Amino acid sequence: MEEIYVNVEYEKAVHSKSSTDHTGPKISENIFYRAIVLCLGLLSVFLLIGLIILVVHYHYSIRSAAAELSTIKANMTESFQDSEKELSILTAEKDQLKSKLSSVTKEKDQLNARLSSLRTVKEQLNSNLSSLTAEKDQLKSKLSSVTREKDQLNDRLSSLTREKDELNATLIEITKERDRLESVTRKHCPAEWTIFSSSCYFLSSQSDSWTNARRDCQNKGADLVLIESLKEQEFLSGFTSESAWIGLSDRDEEGTWKWIDGTTMTFGYWDVEEPNNSVANSNDGEDCAEIKVQKGHKWNDKPCNLFVRWICEKKV
Ligand code: MAN
Ligand code: CA
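If you count the sequence shown from 1, position 200 lands on 1157 in the numbering used here, and the numbers rise without skipping.
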């Protein structure tokens, strides 16, 4: 404070000295200072106005920025809410997908297990198939060899059949020749007797009862004929053109037909519905057999006392 007073005193001294010394420059100095002060005052005013304008401008920009910020905030809040909603939807979707994924995984595991069991089955089937194929091939080759064998056997059979037929034909020829030679050389039948095979046959010229007929044959060293084969029957069919007694009867037991040598009848040549033991001509029925020419030389049973021709037979 003391210092300030000192300066003021100094200033007074200076001023008072200069004003007493130079009056003209003093005035112009004064104007100059005033101009400077004026300029400084104007500058200050301009600065103040500029400052005010800046403040106002700043105030308005702050407000618009605040408004913009609140709009942005509202938008962001909205978009945040949307995002939240979306997030919850996505979370739900994610959960569904998770559960789906786990069920699909389970399914996949099951399918994998099924696939591996199917693979095992396929392998078994493949091995079965290959063994069956091998078996089939073996059977095929066996079949073809058996077929070859069969063909060979068939060939052999047909050649043997041919041989047999040839041998049969030869046998027939030889038999015929033998029969012819036998009849010519060794075997002879008495006059009025006919030879067939190894027997001589005689057809009576008269008719009589079966018993008398048999007696006549026995008197000739023979007996009533015994027919033992179709060959013999066929010979007799050609031999007689008259019905004639043969050595067959069921006199011992009705229905049991026996030849006169006591043997049971095996070869038969009965007419249809014969023997019928008819009582049309005799109350005793029919116990003796005849060759009946009217019936194609088939046999018929007849009452033994009726009169018919007869055929005797004796061995050569
Ligand atoms: C008919 C048939 C024969 C029977 C004779 C008797 O021809 O009934 O069965 O033997 O008569 O004469
Ligand atoms: Ca009869």
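Backbone N, C-alpha and C define an ideal beta-carbon position, used for all residues, glycine too. Here the structure is a predicted model, which means the values were calculated and not measured.
Return the Cβ separation of residue i and residue j in integer angstroms, given the expectation that the two are a contact with Cβ distance under 8 angstroms.
| i | j | result |
| --- | --- | --- |
| A1170 | W1202 | 5 angstroms |
| V1265 | S1194 | Not really, about 16 angstroms apart at Cβ, beyond 8 angstroms. |
| E1231 | D1207 | Contact doesn't hold; Cβ gap of about 12 angstroms is too wide. |
| C1269 | C1174 | 4 angstroms |
| K1177 | V1273 | Not confirmed; about 14 angstroms, so no contact. |
| S1156 | K1252 | At roughly 24 angstroms, the Cβ-Cβ gap does not stay under 8 angstroms, so S1156 and K1252 are not in contact. |
| N1238 | L1263 | 7 angstroms |
Check for me: the beta strand (DSSP E) holding residue i runs from which residue to which?
| i | result |
| --- | --- |
| C1146 | Looking at the DSSP string, C1146 is not in any beta strand (DSSP E), and its letter there is neither H nor E. |
| K1252 | No beta strand (DSSP E) contains K1252, which DSSP labels as neither H nor E. |
| S1156 | 1156 to 1160 |
For residue i, is the classification buried or exposed, using 16 other Cβ atoms within 10 angstroms of its Cβ as the cut-off for buried?
| i | result |
| --- | --- |
| C996 | exposed |
| M1222 | buried |
| G1007 | exposed |
| Y1017 | exposed |
| A1023 | exposed |
| E1210 | exposed |
| Y1015 | exposed |
| S976 | Here the model assigns S976 a pLDDT of 42, short of 50, so the residue's position is not dependable and the matter cannot be decided. |
| L1204 | Here the sequence assigns Gly to residue 1204, which means Leu is not the residue at that position. Buried: at least 16 other Cβ atoms inside 10 Å. |
| A1091 | exposed |
| A1148 | exposed |
| A1179 | buried |
| D1190 | The displayed chain sequence assigns Gln, not Asp, to residue 1190. Label assigned to Q1190: buried. |
| Y1158 | buried |
| I1248 | buried |
State the start and end residues of the unbroken alpha helix (DSSP H) segment that holds residue i.
| i | result |
| --- | --- |
| G1348 | No statement about residue 1348 is possible, as the shown extent of the chain runs from 958 to 1273 and does not include it. |
| A1170 | 1167 to 1176 |
| K1272 | Segment 1266 to 1272 is the beta strand (DSSP E) holding K1272; no alpha helix (DSSP H) there. |
| L1183 | It is not in any alpha helix (DSSP H) - L1183 carries neither H nor E in the DSSP assignment. |
| F1224 | No alpha helix (DSSP H) contains F1224, which DSSP labels as neither H nor E. |
Looking at C-alpha atoms only, which residue of the options is the closest neighbour of residue i?
| i | options | result |
| --- | --- | --- |
| L1160 | E1134, I1129, E1189, S1198 | S1198 |
| W1167 | Q1095, E1191, S1200, K1093 | S1200 |
| W1267 | G1242, L1183, N1238, G1212 | L1183 |
| F1153 | S1186, R1172, T1127 | S1186 |
| D1244 | V1250, N1234, S1088, K1252 | N1234 |
| G1242 | C1261, L1026, V1250 | C1261 |
| L1181 | K1030, T1118, A1246 | A1246 |
TODO: Please confirm if the stretch 1241 to 1257 is in contact with the stretch 1221 to 1228, defined as three or more CB-CB distances below 8 angstroms between the two stretches.
DONE: yes
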